[in-house]
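Structure, rendered in structure tokens:
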């Protein structure tokens, strides 16, 4: 299939001077460039967050270690959590969404391209502001002033009295600013998906990635705002003498928790739903079958979106809610397991009866299914509130959520990288290096996060810069730290692969995976305008219809 | 690559991983020759108190159900990736395109709902039994106040005030003497967690929380603060001594006495009462009546100082007085800048506070 | 892969999707509603919980006049947009200006109320829980009114420069959605603060 009809102009962009090319990227409103900016940004911060994690794990490798002081350690876990959630995973997911959604729905760009650019730069600035805290500002304790109140910044620890200086304010402002960026991106996603689909692409015919990003967008709209509100309240407390969370004046520390977790719980579903989207695109292509149960997948995710707003206080099982409150949140937290489990079964159903090819994207997606299953099951343990009274706030929880964010979400992000890298760069990555990445990271992940559950069950709380010997925690902490080494090498293989393949990889062509969604009908990389002629579709897999005109999907859907 | 070569390659890889893991575990074991005393491991699976027991039994049910689900789905996954992998001898045809199945979807919706129902009912019962447990007349009442970074324990009915090390009696079925704790905080959020005795409950300023424990066996139970409360959250340790009823009564009697007054250490006592010590600490029977730091009336009846951060020995006590940051950097007790002679005298005085 | 249109639907009826401006604005309104909900929740939660200091019934009086002004500005902005849709740019300009005037009266009224509360009654944001939650909630709303007024003023300047045409009626309508939202929020805030809370 030739691509002469929409070939790029013959002017090679490389010929322009560097300053012009950089300027191009800085002022761009093209969703593809912004998507790549988001993704590169997320990758850079992934390295920073990884360094912070490594520092913590070295400190914890033996009890009573002196690698870093308690003050520095407390800043490390605060910055690590904040970085990974707000400046790594969210930008990566927004980046892939921004790049792919218009291409997958047959549009030329997002609904509001300038808002798109604005949102990216707001998010970017937020991250820079957060890291500026290491050198900027002044305070009473130690050099540098990074926030040290934990990524959920519980009151009243964040009050002026307990957190003097500006460290907490860096946390508040950085997230406020990037939160505005996130809401902007969500508005863009929703509007693009609802208002710019190509002819024939009804809501029931658009790719699952579009559906899931639509749901995620709706969740961002409703969930980020409570965090923004709470941060405004915190700033009023810290700077205008307000009393929202001032317990001496009758304020409530628990109110902050409610407001934060009304954001915080949907937030983790905001992170995982786009991961579901990647998996739902990759597994079908590498199993050579359509996704099993498309309508149910959509319905289940909508349910997850709604229910996720009703479970938040399972982060607060230990604050002393009465038995009715604890029971209610136990029920909702268990119920959300049902639609989630349905999705796992549907992915298995997609693979069943297929012809599975274990290229790098698929390896990561299979790893996802395995790890997400385990993460969901430990989630059920935590949803059982009496069990949570033991496991909560311990290393068991830390292991659980890393299982979700690293074992599930990051694995799918790696998969997405390998899957769409050919489209974005026009080159194929190195498959052998990709497999090295997978296996090294897989081993490291399991060494670290499987064994991390155990100290939690033996009484080790989280957020401690050191621990007592003789409680049976030493050996597990050692193994956990050793796993980090493998993960580092895995990520190194990944970065080398990306860089090397970008310059030296062989040409990918339009459709290296023989896939079925619209982005594979463009060149690799796509032209600036995405589609020379707006496509019209008749089924969920327009390219399948094209390649199999004797047996098109629209006969069966 | 041919199938047999592929399989061999997989086998090599699996063997390599196994050797690697084994080596890591062996190295770890060698670094930690002596196993920890199992009595000191605060494992949630070794409960010694009714609430911890209830949680333990519920957790067995949860683990069994989730274990079963894992085994089932994991086997399915392994089966799928083995049975439906693309063979090299395959042609390029596509497999049958199956779009879904309503019956299957129904099955794997209904069954999980039933599982959730079972789990929820079992859980609701345990929640009620722990949170709504009635307080028997023989219960010991303790008010626990969380501070940055130590624990204050008051027994209002018994007239006892102490810090960091909680003594409670072991009861029996005919005469239950559980300890009911009222949890308060003087500053930020904390959490009372002694895994073998109960699940954790938070101490939150401007809020009153409750928890209860009834140790079934005498012994020492370890725990620590489980809600990040600031720089030294890590060393806000807990020691719960479950005493026999006789031992407990004796301890209470000793705690109710006013402080020892030994003329030999009058010098140290003078230093204590004229430097800022009395602003923060209380010693009953003296002018010292500060409430910002632990009550020191019976300091020497405790096995540790600085909320478990160090053993209560003469050397540690002296080092703590000289510079608290050497033991617990970031603790809120300032170094009092005393000279060597004063330090010795003060230490000698504190050592008499049995 | 050819780029010719993939198989179009045989019944190629008109492909109509919701307008971008409207969807975008509704999404923004949803986000803003969530922010306001949290502030209202905090306000309600803290009713009666102030440890000391003034309480609502001591100091609050119903702001009837300013409320009427603000709520009628919803009507006037509707009339403005309708005028523009009917290509009556003059009518649009007039009603648009009146909307701005009504909104400004509301803001001035709020400012006067605050002046009275701060200087005559001694209620500030740091007085007690009531002061904190009151000024935050009313202030957040007033901030949204201010932003709206700035945008209205901008559009008014464009109108006076003759740059506004009937084809811009869609954009004016999208903006008016925001203005209606601000009014609806005021209805809620008014009810919670001045009726329920007093």
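Residue numbers (this note's numbering), protein chains in the order written: chain G, 1 to 557; chain C, 558 to 911; chain A, 912 to 1109.
A virtual CB, placed ideally from N, CA and C, is assigned to each residue, including glycine.
Predicted, not measured: the structure shown is a model, and the values here were computed from it.
Checklist entry - Is residue 566/G helix, strand or coil when you go by DSSP? => result With chain G represented from 1 up to 557, any question about residue 566/G goes unanswered, as that position is not in the structure.
Item to check | Beta carbon of residue 608/C nearer than 8 Å to that of residue 687/C | outcome: One-based indexing of the second chain puts residue 608/C at position 51. One-based indexing of the second chain puts residue 687/C at position 130. The Cβ atoms of residue 608/C and residue 687/C sit closer than 8 Å to each other.
Checklist entry - What is the DSSP secondary structure of residue 543/C, reduced to helix, strand or coil? => result Nothing in the structure corresponds to residue 543/C, since chain C is present only between 558 and 911.
Next on the checklist: According to DSSP, is residue 558/C part of a helix, a strand, or is it coil?
Outcome noted: Residue 558/C sits at position 1 when you count from the first residue of the second chain. Any answer about residue 558/C is weak, because its pLDDT of 48 lies below 50 and its placement is not dependable; what the coordinates show is given next. Coil at residue 558/C, not helix or strand.
Item to check | Cross-chain neighbours of residue 228/G in chain A, by beta carbon under 8 Å | outcome: Position 228 of the first chain, counted from the first residue, corresponds to residue 228/G. What residue 228/G touches in chain A, judged by beta-carbon distance under 8 Å, is 946, going in chain order.
Item to check | Coarse secondary structure for residue 704/C, derived from DSSP in three states | outcome: One-based indexing of the second chain puts residue 704/C at position 147. Strand at residue 704/C.
Checklist entry - If you compare alpha carbons, which of 60/G, 259/G, 471/G and 123/G is closest to residue 152/G? => result In the first chain, the residue the question calls residue 152/G occupies position 152. Checked all of 60/G, 259/G, 471/G and 123/G; the closest Cα to residue 152/G is 259/G.
Checklist entry - In this structure, does DSSP put residue 106/G in helix, strand or coil? => result For the purposes of this step, residue 106/G is taken as residue 106 along the first chain, with counting starting at 1. In this structure, DSSP gives residue 106/G a state outside helix and strand, which the three-state scheme calls coil.
Checklist entry - Quick one, which residues of the segment 209-226 of chain G are near chain A if we go by CB-CB under 9 Å, in chain order? => result Among the residues of the segment 209-226 of chain G, those with a Cβ less than 9 Å away from any Cβ of chain A are 217, 218, 220, 221, 222, 223, 224, 225 and 226, in the order of the chain.
Checklist entry - Between the segment 429-446 of chain G and the segment 510-520 of chain G, are three or more C-beta pairs nearer than 8 Å? => result As far as the Cβ criterion goes, the segment 429-446 of chain G does not touch the segment 510-520 of chain G, which means the pair count is below three.
Next on the checklist: Would residue 643/C pass as an interface residue toward chain G - the criterion being a Cβ-Cβ separation below 8 Å?
Outcome noted: Against the second chain, residue 643/C aligns to sequence position 86. At a cut-off of 8 Å between beta-carbon atoms, residue 643/C makes contact with chain G.
Next on the checklist: Let me see if you follow: with CB-CB separation under 8 Å, is residue 8/G close to chain A or not?
Outcome noted: What you label residue 8/G is simply residue 8 of the first chain in a count that begins at 1. Confidence in residue 8/G is poor, its pLDDT being 48 and thus under 50, which makes the residue's placement unreliable; the coordinate value appears in the next sentence. Not an interface residue.
Item to check | Cβ shell of residue 613/C (< 8 Å), same chain only, five flanking positions each side left out | outcome: Along the second chain, one-based indexing puts residue 613/C at 56. So the qualifying residues of the chain are 601, 602 and 604.
Item to check | Contacts around residue 558/G, its chain only, beta-carbon distance under 7 Å, and the 5 residues preceding and following it disregarded | outcome: Since the first residue shown for chain G is 1 and the last is 557, residue 558/G is missing from the structure and cannot be characterised.
Checklist entry - Where does residue 597/C sit, in a helix, a strand or coil, going by DSSP? => result What you label residue 597/C is simply residue 40 of the second chain in a count that begins at 1. DSSP places residue 597/C in helix when its eight states are reduced to three.
Checklist entry - Is it buried or exposed for residue 47/G, if we count other Cβ within 10 angstroms and need 16 for buried? => result The residue labelled residue 47/G in the question sits at position 47 within the first chain. Label assigned to residue 47/G: exposed.
Next on the checklist: Bridge partners for residue 699/C per DSSP, in chain order?
Outcome noted: For this step, residue 699/C is matched to residue 142 along the second chain. By DSSP's assignment, residue 699/C forms a beta bridge with 738/C.
Checklist entry - Is the distance from the Cβ of residue 373/G to the Cβ of residue 677/C below 8 Å? => result Indexing the first chain from 1 puts residue 373/G at position 373. Indexing the second chain from 1 puts residue 677/C at position 120. With contacts defined by Cβ atoms closer than 8 Å, residue 373/G and residue 677/C do not form a contacting pair.
Checklist entry - In chain order, what residues of the same chain have a beta carbon less than 7 Å from the beta carbon of residue 383/G, not counting five sequence neighbours either side? => result Position 383 of the first chain, counted from the first residue, corresponds to residue 383/G. Around residue 383/G, the same chain offers 314, 330, 333 and 334 as residues with beta carbons nearer than 7 Å, after the five sequence neighbours per side are excluded.
Checklist entry - Just checking my contact of residue 765/C with residue 289/G at CB under 8 Å: how many whole Å lie between their CB atoms? => result As a working mapping, residue 765/C is identified with position 208 in the second chain. As a working mapping, residue 289/G is identified with position 289 in the first chain. Not really, about 58 Å apart at Cβ, beyond 8 Å.
Checklist entry - Name the chain C residues whose beta carbon is nearer than 7 Å to that of residue 331/G? => result Taking the first residue of the first chain as position 1, residue 331/G is located at position 331. Simply 677.
Next on the checklist: For residue 781/C, count the other beta carbons within 10 Å of its own beta carbon; 16 or more makes it buried, fewer makes it exposed. Which is it?
Outcome noted: The sequence position of residue 781/C within the second chain is 224, counting from 1. Buried is the call here.
Next on the checklist: Do residue 148/G and residue 75/G count as a contact pair if the criterion is CB distance below 8 Å?
Outcome noted: One-based indexing of the first chain puts residue 75/G at position 75. One-based indexing of the first chain puts residue 148/G at position 148. Cβ distance < 8 Å, so residue 75/G and residue 148/G count as in contact.
Item to check | Minimum length 4: unbroken alpha helix (DSSP H) runs contained in the segment 142-191 of chain G | outcome: Entirely contained in the segment 142-191 of chain G, not one alpha helix (DSSP H) run reaches 4 residues.
Next on the checklist: Short of 6 Å in beta carbon distance, which residues of its chain neighbour residue 590/C, apart from the five on each side in sequence? Order them along the chain.
Outcome noted: The residue given as residue 590/C occupies position 33 in the second chain. With a pLDDT of only 49 at residue 590/C, under the threshold of 50, the placement of this residue in the model should not be trusted; the figure read from the coordinates follows. The answer is none, since no qualifying residue turns up.
Next on the checklist: Extract the residue ranges of the alpha helix (DSSP H) inside the segment 391-431 of chain G, only unbroken runs of 4 or more that lie entirely within it.
Outcome noted: Runs of the alpha helix (DSSP H) inside the segment 391-431 of chain G: 395-402 and 411-425.
Checklist entry - Going by beta carbon distance, what residues of the same chain come within less than 7 Å of residue 718/C, once the five residues before and after it are set aside? => result Here residue 718/C refers to the residue found at position 161 when the second chain is read from its first residue. Residues of the same chain with a CB within less than 7 Å of the CB of residue 718/C, apart from the 5 flanking positions on each side, are 711 and 852 in chain order.
Checklist entry - Which value, in whole angstroms, describes the spacing of the CA atoms of residue 645/C and residue 634/C? => result Walking along the second chain from the start, residue 645/C turns up at place 88. Walking along the second chain from the start, residue 634/C turns up at place 77. Straight-line measurement puts the Cα of residue 634/C at about 21 Å from the Cα of residue 645/C.
Item to check | Interfacial residues, the segment 682-705 of chain C to chain G, with Cβ spacing under 7 Å | outcome: Contact annotation: in the segment 682-705 of chain C, residues whose CB is within less than 7 Å of a CB in chain G are 683, 684, 685, 687, 688 and 689.
Item to check | Amino acids of chain G, ordered along the chain, whose beta-carbon sits closer than 8 Å to that of residue 786/C | outcome: As a working mapping, residue 786/C is identified with position 229 in the second chain. Chain-order list of chain G residues neighbouring residue 786/C: 157, by C-beta distance under 8 Å.
Checklist entry - Cβ of residue 195/G less than 8 Å from any chain A Cβ? => result In the first chain, the residue the question calls residue 195/G occupies position 195. So yes, residue 195/G belongs to the interface.
Next on the checklist: Less than 6 Å between C-beta atoms, sequence neighbours within five positions excluded: which residues of the same chain meet that for residue 433/G?
Outcome noted: What you label residue 433/G is simply residue 433 of the first chain in a count that begins at 1. Excluding residues within five positions, the ones whose Cβ falls inside 6 Å are 493 and 497.
Checklist entry - If you draw a straight line from the C-alpha of residue 174/G to the C-alpha of residue 231/G, how long is it? => result The residue given as residue 174/G occupies position 174 in the first chain. The residue given as residue 231/G occupies position 231 in the first chain. When rounded, the distance between both Cα atoms is 10 Å.
Item to check | Touch test, the segment 790-803 of chain C against the segment 856-864 of chain C, Cβ-Cβ under 8 Å, three pairs minimum | outcome: Counting Cβ pairs under 8 Å, three or more are found: they touch.
Next on the checklist: So the candidates are 650/C, 905/C, 760/C and 870/C; which of them puts its Cα closest to the Cα of residue 820/C?
Outcome noted: To locate residue 820/C, count along the second chain from 1; it is residue 263. With distances taken between Cα atoms, residue 820/C lies closest to 905/C.
Checklist entry - For residue 455/G versus residue 430/G, is the C-beta spacing smaller than 8 Å? => result Residue numbering aside, residue 455/G sits at position 455 when the first chain is read from its first letter. Residue numbering aside, residue 430/G sits at position 430 when the first chain is read from its first letter. Taking 8 Å as the Cβ cut-off, residue 455/G and residue 430/G do not qualify as a contacting pair.
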